[in-house]
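Numbering (our numbering), first residue to last: 12 to 887.
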DNA sequence: TACGACACGC
DNA sequence: GACGTACGTGTCGTAC
């Protein structure tokens with residue numbers, strides 16, 4: 012059956028505008044009404060699956076109703092300009108969806124809707140009307156439902172005849188009579204003064220219509236009421252007329268032309284992106300077949316079988332295509348170069364076996380522009396091809412310009428710069444199990460397009476970096492670091508797999524015992540790893556009190572279990588089972604899975620363009636979260652060993668780097684003094700916060716002080732602090748207050764940085780790394796608070812990240828300078844790990860902390876502790 | 001295949 | 001006064 016959806020455009024846009032905070036996109040255009048409208052539209056499309064659709068708008072200021080009553084809609088607030096400017100966007104949106112829209116001089120949206128609804132219902136179509144205006148209820152019939160917004164924008168009540176009867180006890184036709192009696196202040200329809208909804212309904216239930224009410228005035232009880240009705244007879248009749256929707260609006264086209272569904276989703280996607288509606292984009296079905304078919308502009312490119320000088324100019328954009336996410340020892344699918352001479356696709360072997368190409372690659376003066384320098388260097392490195400002269404990395408630039416962007420993929424970076432003619436990798440290669448390389452001309456074209464995009468993007472991004480004063484951060488920190496990280500990854504870390512296996516077997520045995528004990532105590536066998544089953548056992552079978560709930564059921568997290576431990580013996584065994592299970596699956600089996608058989612090494616990948624703060628992350632395996640806190644887990648570190656006989660592992664970590672950074676940025680005298688004297692900072696904080704002498708600081712006071720310091724560094728809230736200390740939120744808040752009282756300039760810094768962030772839209776680190784925080788002006792308390800904590804925290808954590816990155820560059824240079832064989836292996840946020848030949852041990856043990864401490868000059872000294880051992884475990 | 005719960009590090 | 005609270009990655013179970 013055909014289903015027509017009619018939307019009251021003005022009404023929904025108004026609703027959305029007032030229901031949502033005044034959002035704007037990155038171009039400063041207000042978008043809250045369009046956003047709400049779009050949300051509603053997507054919901055309607057998804058839930059109603061309409062075959063036909065139309066959105067009606069009010070046209071001009073005057074309509075035929077003004078002839079009846081010149082004061083019609085008088086006294087209305089002017090439409091706020093922030094809303095009016097959004098109407099063209101709403102129209103654009105509808106055009107992108109190819110949804111019919113209509114407005115007619117002299118008529119209101121209601122009249123258009125009424126007209127079309129009647130026509131469609133007459134043809135037995137199903138009709139649904141969406142609006143916020145109760146007037147439309149008069150249209151309700153067997154075929155016509157009216158969806159009225161109630162709360163927010165997407166919550167609606169669907170009025171059919173039954174609901175109308177239930178809510179008002181009158182029929183659809185009587186809605187106009189009701190308006191005639193009670194009026195409508197929003198449309199300035201007078202009605203009868205003194206009669207409101209209650210009285211109007213009572214009268215109508217008794218007499219049926221306005222006319223009948225008026226002709227039966229003498230039967231009405233109440234002197235006042237009689238008088239009023241008598242006096243405002245005319246006005247009541249006129250009001251009824253005004254409220255009556257006119258259903259004969261001239262509409263030339265056929266209903267059939269309102270057909271919905273034939274739209275170009277590319278256009279919709281483009282518009283949603285332009286509006287910054289990324290959350291809606293996710294909901295919108297991308298895999299629309301029409302999208303994939305879209306033809307890109309043609310690109311002239313050459314497939315090269317023999318490399319010549321003209322292909323290898325400087326500068327040139329270079330694509331080395333690898334499909335595997337993990338690029339270590341990965342296949343190269345093809346190579347593309349774009350330069351002033353043109354665009355070239357070079358089959359992998361044709362390039363790698365070319366002497367000319369190899370020479371060009373290692374020529375540091377031949378400038379290469381790439382996408383993901385580290386990936387490119389490492390991939391070629393595994394093929395014994397040295398790549399030097401990397402002059403620009405588009406991915407890195409995009410990341411530095413705005414780390415919050417969800418994608419720094421070449422296609423997305425290009426699109427943001429208005430370059431549309433690059434295909435998504437996923438469209439070319441497919442994904443998951445269906446991933447495959449297309450025939451050569453398709454591949455060649457795709458890679459040539461990417462290279463071409465790179466070539467165009469470089470100057471655009473470079474200019475932006477300069478504008479942001481991030482050129483130095485980019486050229487002197489991140490770019491040199493990416494090459495160093497590439498070397499570290501390629502070097503890899505040796506793993507003692509025998510040791511791991513032995514630990515694994517031991518763990519397996521103990522896990523089995525624990526499992527038995529737990530099943531016995533539960534009285535039934537179940538999967539301990541399943542939070543669902545575990546919850547049922549603990550909270551239903553054993554009757555323990557559920558402390559916390561999750562979306563899906565009872566929470567069984569460690570902090571909950573710890574509280575339950577005294578009540579039942581089983582709980583401690585479960586905690587122990589979890590602990591060992593984690594070690595076994597993640598750290599033993601997980602690590603063994605990614606250890607290369609031939610070399611016994613793991614090659615992690617550091618993601619240098621991901622975190623919002625400037626830290627690195629590590630994957631496959633993640634070597635930044637190897638256990639240390641509990642002895643049991645810490646033993647895993649015994650499996651990380653030097654890759655050569657007689658070498659040692661050296662580990663050096665910064666002591667309190669974030670708090671030192673805080674002392675530097677805030678210039679707080681007490682904090683600076685504490686670090687200059689190299690005091691135990693948590694004890695010092697306890698002394699200051701609790702106003703006691705050093706000797707009087709109890710273990711508990713120090714623990715609290717440590718948690719507060721932790722909170723300052725990680726930007727947690729009073730709630731977070733209360734959780735970590737097991738105290739109330741009030742107490743936590745008062746702790747924080749006392750901290751600020753002790754370190755007034757820290758407080759000052761916190762206030763200033765929020766203010767600065769609000770004004771500029773972003774906060775920065777010492778080396779000009781940026782983080783944009785639009786939510787600092789959010790009206791949503793949560794969002795705003797979170798943004799404020801982020802504003803306070805990011806410059807601290809980010810500057811610490813800047814410092815260790817700088818230390819890594821200096822360290823690599825020092826090792827090179829001194830011709831040392833020592834290799835830098837890992838970075839764990841405030842820590843660097845090396846493998847060192849015995850003969851270099853003494854020198855390196857001094858060099859590493861020296862270099863780390865000199866990496867940057869702050870108002871307080873930096874301090875690094877260093878240690879060595881036969882394994883990572885022993886380097887403590 | 002996608003997502004939530006959980007747990008590890010800084 | 002409510003809101004739902006550091007950032008990452010990996011594993012498992014469970015739903016689709």
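For glycine and all other residues, C-beta sits at the position ideal for the given N, C-alpha and C. Just so you know, these numbers come straight off a predicted model, no measurement behind them.
Practice problem: Note down, one range per segment and in chain order, each beta strand (DSSP E) of at least 3 residues found wholly within the segment 125 to 180. | Solution: 137 to 142, 155 to 160 and 167 to 170
Exercise. Pull up the distance between the alpha-carbon of residue 724 and that of residue 494, whole angstroms please.
Key: 29 Å
Self-check item: residue 432 vs residue 327 beta-carbon contact at 7 Å
Solution: no
Quiz prompt | Integer Cβ distance of residue 862 from residue 825, believed to fall under 8 Å | solution = 6 Å
Quiz item: Skipping 5 residues on each side, what residues in its chain have a beta carbon closer than 6 Å to that of residue 258?
Solution: 125, 126 and 129
Practice problem: Provide the residue(s) that pair with residue 332 in DSSP beta bridges, ordered along the chain. | Solution: 345
Exercise. Would you mind reading off the limits of the beta strand (DSSP E) that contains residue 838?
Key: 834 to 838
Quiz prompt | Buried versus exposed, by CB contacts within 10 Å (16 or more), residue 703 | solution = exposed
Quiz item: Where does residue 87 fall in DSSP's three states?
Solution: coil
Practice problem: Helix, strand or coil for residue 545, going by three-state DSSP, please let me know. | Solution: helix
Practice problem: Indicate the three-state DSSP secondary structure (helix, strand or coil) for residue 618 in the structure shown. | Solution: strand
Exercise. Drop a sphere of 10 angstroms on the beta-carbon of residue 730, count the other beta-carbons inside from all chains shown, and report buried for 16 or more, exposed for fewer.
Key: exposed
Exercise. Grab me the residues of residue 8's own chain with a C-beta within less than 6 Å of its C-beta, minus the 5 sequence neighbours each way, in chain order.
Key: Shown here, the chain extends from 12 to 887; a query on residue 8 therefore has no answer.
Self-check item: Burial state of residue 531 (16 or more Cβ within 10 Å)
Solution: exposed
Exercise. Using three-state DSSP, classify residue 371 as helix, strand or coil.
Key: helix
Exercise. Could you round the C-beta distance between residue 144 and residue 121 to whole angstroms and report it? I think they count as a contact, below 8 Å.
Key: 7 Å
Quiz item: What does a CB cutoff of less than 7 Å around residue 80 pick up in its chain, not counting 5 residues either side in sequence?
Solution: 249 and 253
Exercise. Would you check if the distance between the CB atom of residue 212 and the CB atom of residue 186 is smaller than 7 Å?
Key: no
Quiz item: What did DSSP end up calling residue 355 once you bin it into helix, strand or coil?
Solution: strand
Quiz item: If we ignore side chains and look at the alpha-carbon of each, how far apart do residue 12 and residue 267 end up?
Solution: 13 Å
Exercise. Look up residue 390 in the DSSP assignment and say whether it is helix, strand or coil.
Key: helix
Quiz item: Got a sec? Which residues, its chain only, sit under 8 Å from residue 168 by beta carbon, not counting five neighbours each side?
Solution: 158, 159, 161 and 174
Quiz item: Taking C-alpha atoms, which residue in 243, 197 and 256 lies nearest to residue 151?
Solution: 256
Quiz item: So is residue 737 buried or exposed if we call it buried at 16+ other beta carbons inside 10 Å?
Solution: exposed
Quiz item: Are there three or more Cβ pairs, one per stretch, closer than 8 Å when the segment 363 to 371 is compared with the segment 459 to 467?
Solution: no
Self-check item: C-alpha gap between residue 396 and residue 817, whole angstroms
Solution: 27 Å
Quiz item: By how many angstroms is the C-alpha of residue 66 removed from the C-alpha of residue 345?
Solution: 50 Å
Practice problem: Can you tell me which of 850, 269 and 265 puts its alpha carbon nearest to the alpha carbon of residue 830? | Solution: 850
Quiz item: Can you list, in chain order, the residues of its chain whose CB lies under 7 Å from that of residue 740, leaving out five sequence neighbours each side?
Solution: 729, 730 and 733
Quiz item: With DSSP run on the structure shown, which of helix, strand or coil describes residue 15?
Solution: strand
Quiz item: For the beta strand (DSSP E) that contains residue 845, what are its first and last residues?
Solution: 842 to 848
Quiz item: Looking at the unbroken alpha helix (DSSP H) that takes in residue 675, where does it start and where does it end?
Solution: 668 to 677
Practice problem: Can you give me the start and stop residues for the alpha helix (DSSP H) that residue 725 sits inside? | Solution: 710 to 725
Quiz item: Where does the unbroken beta strand (DSSP E) through residue 863 begin, and where does it stop?
Solution: No beta strand (DSSP E) contains residue 863, which is instead part of the alpha helix (DSSP H) from 852 to 865.
Self-check item: Spatial distance of residue 360 from residue 627 (CA atoms)
Solution: 33 Å
Exercise. Give the range of the beta strand (DSSP E) segment to which residue 659 is assigned.
Key: 658 to 665
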